[in-house]
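For reference, the structure is listed below as structure tokens.
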Amino acid sequence: MTYVVTDNCIKCKYMDCIEVCPVDCFYEGENMLVIHPDECIDCGVCEPECPADAIKPDTEPGLDKWLQVNTEYAEKWPNITAKKEPPADAKSFDGEAGKFEKYFSAEPGEGD
């Protein structure tokens, strides 16, 4: 098992999860984060820290797509170990449907 970041992180990109991760398995894209599934130790401390409720265990039904997204982009994006401020308009995107199709960016973030 691993945890995965799902679509509600897109354009919200809160980083509370990064502060609590004991193994630094988060990677930063332009407008979302992903978890490297091979580095995640399944401790679960990140899940309740996410204000957008975007982190889920991959054992929940229907998350195969998100496991693939997390796996692919954790290999391409830079590691991030320090919390940054979320986008100023993050709250306005929280809970919006269809965020992957509308807003996902494959571009990397800055990382640390």
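In our numbering, the protein residues as written are 32 to 143. Even glycine gets a Cβ: it sits at the ideal position worked out from N, Cα and C. Predicted model, so just to flag it, every value in this text is computed and none were measured.
Distance from PRO139 to LYS107 at the Cβ level is roughly 7 Å; contact confirmed, criterion being Cβ atoms closer than 8 Å. Residue state for ILE86 is assigned as strand, using DSSP reduced to three classes.
Rounded to the nearest angstrom, the gap between the Cα atoms of GLU50 and ALA137 is 24 Å. For LEU94, there is no enclosing alpha helix (DSSP H), as DSSP marks it with neither H nor E. The distance from the Cβ of VAL36 to that of ALA85 is about 6 Å, consistent with a contact at the 8 Å cut-off. In this structure, the beta-carbon distance from PRO109 to LYS44 does not fall below 8 Å. Taking the C-beta atoms as reference points, LYS130 is found nearer than 8 Å to ASP38. Judged by beta-carbon spacing, THR33 lies beyond the 8 Å limit of ASP95, meaning their Cβ atoms are not closer than that value.
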